[in-house]
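**Q** Got a structure for you, questions after.
Protein chains: 2
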Amino acid sequence: MAIIVDKVQKRKDIALSCKELFIKNGIKDLTVSEVAKVAGVGKGTIYEYFKNKEEIVFEIVNILLQEHNIQKKLRIDSKEKTKEKIIEFFGVFYREEDVELRKLYKEFISINLANPQREMIEFQSTCSATYFKWFEEIIQTGINKGELVLASKNLARGLFVMGEGLFVASSTTTTIDNIKRELDTFYDTLFELIEVKK
Amino acid sequence: MAIIVDKVQKRKDIALSCKELFIKNGIKDLTVSEVAKVAGVGKGTIYEYFKNKEEIVFEIVNILLQEHNIQKKLRIDSKEKTKEKIIEFFGVFYREEDVELRKLYKEFISINLANPQREMIEFQSTCSATYFKWFEEIIQTGINKGELVLASKNLARGLFVMGEGLFVASSTTTTIDNIKRELDTFYDTLFELIEVKK
DNA sequence: TTCAAAATGACCGACCATCAGTCAATTAAG
DNA sequence: CTTAATTGACTGATGGTCGGTCATTTTGAA
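Order-wise, the sequence lines are chains Z and X.
Numbering-wise (our numbering), the first sequence opens with residue 1 and increments by one.
Numbering-wise (our numbering), the second sequence opens with residue 199 and increments by one.
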């Protein structure tokens, strides 16, 4: 045998080394040669760790999402009321500090829409399912605690995809200038309807 | 002067000639040479009518959307109740006959997310604004007719982007297998909450 | 035990194919 | 003859491949 490198770790290293470059320019203007350069490896080596250019993005999203989820869990758990938890849940779509994640997510959706590849779609599905389960639990807890009416459960899916919709809409138009305000109005109204009146 | 061609019409002709090809493969696998071939013109001519490859998609969407809107208007007007109108409004996201339009829209969103260009974003914004105004009118009429509670108005934006969100979500995952059912459950529940009880 | 040959994984960058976009030359209508 | 319209060969960029090199470890004969 010869040198054995930690393939998993190196894959992460390469991906993260071009994170800034990628976030700045997006996948379209990121060349594999550039990636190789900033990662300090030869171009051929890139293809030892990634099947294609898209997979690099896939890896970056993967890494950052895991970090993000830990933070998210803490933030949500720290909230008392269900409404606050739900608002926190969608915070990623407008919170200042998550601007990088949004940029990444934008590219990720774009790639997934343009050339869906089994692995990426499956990853996206798993993420989405996990998030949705998490979201449903928040709603269910709200119902159990008597904060929300029973029917709220059926609104879960709609609410869940709404965040994504608002995100895409705001990314592809110039009109929605303040996601946070839009969401707030919506939540206030909806909670007026689904909160159990004391 | 010499030959004068109807630039606007020829632009449409070229765009439509490659519609099938584009819907089948998406923009990624569509080459400008191919477009030129099926349009029966030289490659250089394409660039007399379009600034870049993306603009061809832009034109196809534009043409088909206009056709679609006429149909949509008729369909919505034919419905009596507000709930039916709203469901009809989002029909494009699951209706069998609109499968082409969805494929186009998917590519369109993808392009807009990956390399936003002023003209396309503005077009998208205008479309979106028009649709939203239309949607708000439906809600407002519902309120005026006493079918919906006043608060429904504030839910308009949320409902509006939800359609888009569900569409994107279903395009990028494998889990949502039946958009129609998901939407129906959501609407039924929501209308249970916002409909004025007689 | 020694050490050179064999084996192997890691790495590389020249090269290839593809393709979006350009432009100088050509065509043809009036 | 003028000029709008058209064209396709050409260019530059870039994603991905592949033959080959290098460094380290294994092996087994002396």
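Quick reminder that beta carbons are idealized off the backbone N, C-alpha and C, glycines included.
Could you name the residues that DSSP lists as bridge partners for Z/L16?
**A** Within the first sequence, numbered from 1, the residue matching residue 16 of chain Z stands at position 16. Paired residue(s): none; Z/L16 is not in a bridge.
**Q** Closest to X/Q207 by C-alpha separation, out of X/T229, X/V233, X/L228, X/Y247, would be which residue?
**A** Here residue 207 of chain X corresponds to residue number 9 of the second sequence, with the count starting at 1. Nearest option by C-alpha distance: X/Y247.
**Q** Just the C-alpha distance for X/E265 and X/I258, rounded to the nearest angstrom, thanks.
**A** To locate residue 265 of chain X, count along the second sequence from 1; it is residue 67. To locate residue 258 of chain X, count along the second sequence from 1; it is residue 60. Whole-angstrom Cα-Cα distance: 11 Å.
**Q** Based on the DSSP secondary-structure assignment, which residues constitute the bridge partners of X/E393?
**A** Stepping through the second sequence from its first residue, residue 393 of chain X is reached at position 195. BP columns for X/E393 point to X/L346.
**Q** Whose C-alpha, out of X/A213, X/G363, X/I337, is nearest the C-alpha of X/E278?
**A** For the purposes of this step, residue 278 of chain X is taken as the residue at position 80 of the second sequence. Closest option to X/E278, Cα to Cα, is X/I337.
**Q** So is X/S276 buried or exposed if we call it buried at 16+ other beta carbons inside 10 Å?
**A** Within the second sequence, residue 276 of chain X is the residue found at index 78, counting from 1. It counts as exposed.
**Q** Determine the DSSP secondary structure at X/G242, reduced to helix, strand or coil.
**A** Along the second sequence, one-based indexing puts residue 242 of chain X at 44. Note: X/G242 maps to helix in three-state DSSP.
**Q** By the 10 Å Cβ neighbour count, where 16 or more other Cβ atoms means buried, how is Z/R181 classified, buried or exposed?
**A** One-based indexing of the first sequence puts residue 181 of chain Z at position 181. Exposed, by the Cβ-count rule.
**Q** So, at 7 Å on beta carbons, what are the nonlocal neighbours of Z/I143 in its own chain, with the 5 sequence-adjacent residues on each side left out?
**A** Here residue 143 of chain Z refers to the residue found at position 143 when the first sequence is read from its first residue. Once the five neighbours on either side are set aside, the close Cβ partners of Z/I143 are L150, S152, K153.
**Q** Cα-Cα, which of Z/E136, Z/T141, Z/E147 is closest to Z/F160?
**A** Here residue 160 of chain Z refers to the residue found at position 160 when the first sequence is read from its first residue. The shortest C-alpha separation from Z/F160 is found at Z/E136.
**Q** From Z/T130 to X/T370, what does the alpha carbon distance come to, in whole angstroms?
**A** Reading the first sequence from its first residue, position 130 is the one you call residue 130 of chain Z. Reading the second sequence from its first residue, position 172 is the one you call residue 370 of chain X. Approximately 15 Å between the Cα atoms of the pair.
**Q** Report the start-end ranges of each alpha helix (DSSP H) in the region 158 to 193 of chain Z that is 4 residues or longer and not cut off at the edges.
**A** Runs of the alpha helix (DSSP H) inside the region 158 to 193 of chain Z: none found.
**Q** What separation, rounded to the nearest whole angstrom, lies between the Cα atoms of X/F321 and X/K251?
**A** Locating residue 321 of chain X in the second sequence gives position 123, where the first residue counts as 1. Locating residue 251 of chain X in the second sequence gives position 53, where the first residue counts as 1. C-alpha separation (whole angstroms): 17 Å.
**Q** Using beta-carbon positions only, say whether X/I212 and X/I244 come within less than 8 Å of one another.
**A** Residue mapping note: residue 212 of chain X aligns to position 14 of the second sequence, counting from 1. Residue mapping note: residue 244 of chain X aligns to position 46 of the second sequence, counting from 1. It is a contact, given that the beta carbons lie within the stated cut-off.
**Q** In three-state terms, what does DSSP make of Z/K83?
**A** For the purposes of this step, residue 83 of chain Z is taken as residue 83 along the first sequence, with counting starting at 1. Reduced to three states, the DSSP call for Z/K83 is helix.
**Q** Can the beta-carbon of Z/E96 be found closer than 8 Å to that of Z/I23?
**A** As a working note, residue 96 of chain Z is residue 96 in the first sequence. As a working note, residue 23 of chain Z is residue 23 in the first sequence. No, they are not a contact pair.
**Q** Whose C-alpha, out of X/K210, X/A354, X/F306, X/V203, is nearest the C-alpha of X/F288?
**A** In the second sequence, the residue the question calls residue 288 of chain X occupies position 90. Here the closest residue by C-alpha is X/A354.
**Q** Quick one: does Z/G140 have its CB under 8 Å from some CB of chain X?
**A** The residue given as residue 140 of chain Z occupies position 140 in the first sequence. Correcting the residue identity first, residue 140 of chain Z is Gln in this sequence and not Gly. By this cut-off, Z/Q140 is not an interface position.
**Q** Relative to the C-alpha of Z/E55, which candidate in Z/K72, Z/V92, Z/L104, Z/T141 has its C-alpha closest?
**A** In the first sequence, the residue the question calls residue 55 of chain Z occupies position 55. When only C-alpha atoms are compared, the closest one is Z/L104.
**Q** Are the CB atoms of X/L346 and X/I307 within a distance shorter than 8 Å?
**A** For the purposes of this step, residue 307 of chain X is identified with residue 109 of the second sequence, where counting begins at 1. For the purposes of this step, residue 346 of chain X is identified with residue 148 of the second sequence, where counting begins at 1. Contact: no.
**Q** Starting from X/D275, follow the alpha helix (DSSP H) in both directions and report where the run begins and ends.
**A** Reading the second sequence from its first residue, position 77 is the one you call residue 275 of chain X. Run containing X/D275: 251 to 276, per the alpha helix (DSSP H) assignment.
**Q** Just how far apart, CA to CA, sit Z/M120 and X/K395?
**A** The sequence position of residue 120 of chain Z within the first sequence is 120, counting from 1. The sequence position of residue 395 of chain X within the second sequence is 197, counting from 1. Cα-Cα distance, rounded: 46 Å.
**Q** I want to see whether chain Z comes within less than 8 Å of X/Q315, judged by CB atoms only; does it?
**A** Along the second sequence, one-based indexing puts residue 315 of chain X at 117. With 8 Å as the cut-off, X/Q315 does not count as an interface residue toward chain Z.
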